[in-house]
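Numbering (the working numbering), first residue to last: 54 to 134.
All residues carry an ideal CB built from backbone N, CA and C; glycine is no exception.
All values derive from a computational prediction rather than experimental measurement.
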């Protein structure tokens, strides 16, 4: 899960009475207000795709295109050379 404040990866903090997603980069906790002067960072699909490894990218594209993962993986492999 990405932090809406800074875009870093959030961690599931389970050492409290209830589990909550926390960002250790900026201190944001799930369910808290972002504040008036802080804009939520929107991540584009291209930014998300750039941060993925090959298998994650194939899964992401196959779900978005409605194709089988094997077909997308073979196409990516054939066009990556």
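Requested in this report: Confirm the yes/no value for this check: CB of residue 58, any heavy atom of the ligand NAP, distance under 7 Å.
Outcome: Among the components modelled here there is no ligand, and therefore nothing to report on the ligand NAP.
Query - Whole-angstrom distance between residue 71 and residue 106, CA atom to CA atom - result: On the chain shown, residue 106 is found 53 positions in, with the first residue counted as 1. On the chain shown, residue 71 is found 18 positions in, with the first residue counted as 1. So the two alpha carbons sit approximately 32 Å from each other.
Query raised in the report: Can you list, in chain order, the residues of its chain whose CB lies under 7 Å from that of residue 112, leaving out five sequence neighbours each side?
Result: Your numbering for residue 112 matches position 59 in the chain shown. Taken in chain order, the residues that qualify are 122.
**Report entry** Same chain only: Cβ atoms within 8 Å of residue 129, ignoring 5 sequence neighbours per side
**Finding:** Taking the first residue of the chain shown as position 1, residue 129 is located at position 76. Closer than 8 Å at the Cβ level, and outside the excluded window around residue 129, lie 107, 110, 111 and 114.
Query - Three-state class that DSSP yields for residue 62 in the structure shown - result: Your numbering for residue 62 matches position 9 in the chain shown. In the structure shown, residue 62 sits in a strand (DSSP, three-state: E or B).
Report task. Give the DSSP bridge partners of residue 74, in chain order. Result -> As a first step, residue 74 must be located in the chain shown, where it is residue number 21. DSSP, once it has assigned bridges, lists 65 as partnering residue 74.
**Report entry** Proximity of residue 58 and residue 76 at Cβ, strictly below 8 Å
**Finding:** As a first step, residue 58 must be located in the chain shown, where it is residue number 5. As a first step, residue 76 must be located in the chain shown, where it is residue number 23. Yes. Within cutoff.
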